[in-house]
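A short write-up of the structure that comes next.
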Amino acid sequence: MLVVLKRDYEEVSREAARIVASAVRSKPDIVLGLATGSTPLGLYKELIALYREGSLDFSRATSFNLDEYLGLAPSHPQSYHHFMEQNLFSQVNFPRERAHVPDGTIRGGYDDYCARYEQCIKAAGGIDLQVLGIGRNGHIGFNEPTSSLASRTRLKALSRETIEDNRHVFSNDAEMPKCAITMGIGTILDSKRVLILASGRSKAAAVAKAIEGPITSSVSASALQMHPDVTFIIDEEAAYSLTQRDYYRHVLEMTRLFTPERLD
Ligand code: PGA
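My numbering numbers the first residue of the sequence shown as 1266 and each following residue consecutively.
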């Protein structure tokens, strides 16, 4: 696990964009795993800027989003379809027919639908680079605490904490979805590389548990300790509760010296 410590959210976003852009340039037909939420917004802004200046081309890329709220149509302003359209797809040359977001409007046949989403990822050759945020409760995607570390894409009931974190963007409580379709932890662990971003003190406890705590289904992100190629990019506030910050800086310095390609 590489832990990259940055000063603030802007630096986290720029570093993440540097890595994603470099991955797209070296493999134009890349399969990206994409995330929503406030954390990756800065990354998407940076990618849009690179596209506008002509140094990034998504025309051959494919993407799979982690999750979508159950019951929200793509046109709903709080749906993740809408989020992706607004904050990335409409602003770059991403081919819509290869930009996949789970369908929140399905009614019934959830297991079959989720199995097809998994199949679609497989048919595309698997995810080359998965972008993740982390919830205050340590979730990745909507894999809430106690999700199986081997879970696949499925219908998942949201935790009270997640519902509370997201309630403010919905006009009333009844509108706030209680379930989502989400890739599983097993799905995420199958991706070839993982980039996980965190910013702000509210994430510090989850980040420390994910990086330095035991692997446990109580903290879904701790499963990333079993993945061979994970890069955490976190700002000072999110790194607040880590006990080995000096060691992570040393590891980064040695990586720069001996295996700089790991930082691309
Ligand atoms: P956030 O959400 O980026 O809006 O903080 C992260 C998450 O819940 O995964």
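Virtual Cβ for every residue (Gly too), placed ideally from N, Cα, C.
In the displayed model, Ala1469 falls within a helix according to three-state DSSP. Phe1497 carries a strand assignment under DSSP once its states are collapsed to helix, strand and coil. Arg1425 counts as exposed, since fewer than 16 other C-beta atoms from the protein chains shown sit within 10 angstroms of its C-beta. With a threshold of 16 other beta carbon atoms within 10 Å, Gly1449 meets it and is buried. Shortest gap from the CB of Thr1447 to any heavy atom of the ligand PGA: 8 Å or more. In this chain, the alpha helix (DSSP H) harbouring Leu1522 covers 1510-1523. Leu1462 sits away from Ala1475, with the two beta carbons spaced by 9 Å or more. Annotated three-state conformation of Ser1328 is strand, per DSSP.
Sequence-distant Cβ neighbours of Glu1502 in its own chain, meaning closer than 6 Å and more than five residues away, are Gly1465, Arg1466. Distance from the C-beta of His1341 to the nearest heavy atom of the ligand PGA is not below 8 Å. Set against 8 Å, the gap from the CB of Gly1400 to the closest heavy atom of the ligand PGA is smaller.
Short of 7 Å from the beta carbon of Ile1295, and not among the five residues preceding or following it, lie these beta carbons of its own chain, in chain order: Ala1288, Val1289, Ala1326, Asp1393, Leu1394. According to the DSSP assignment, Thr1452 belongs to the alpha helix (DSSP H) that extends over 1450-1454.
Under the criterion of beta carbons closer than 8 Å, Leu1420 and Ala1300 do not qualify as touching, at roughly 19 Å. A distance criterion of 8 Å places the beta-carbon of Thr1508 beyond contact range of the ligand PGA, judged by its closest non-hydrogen atom.
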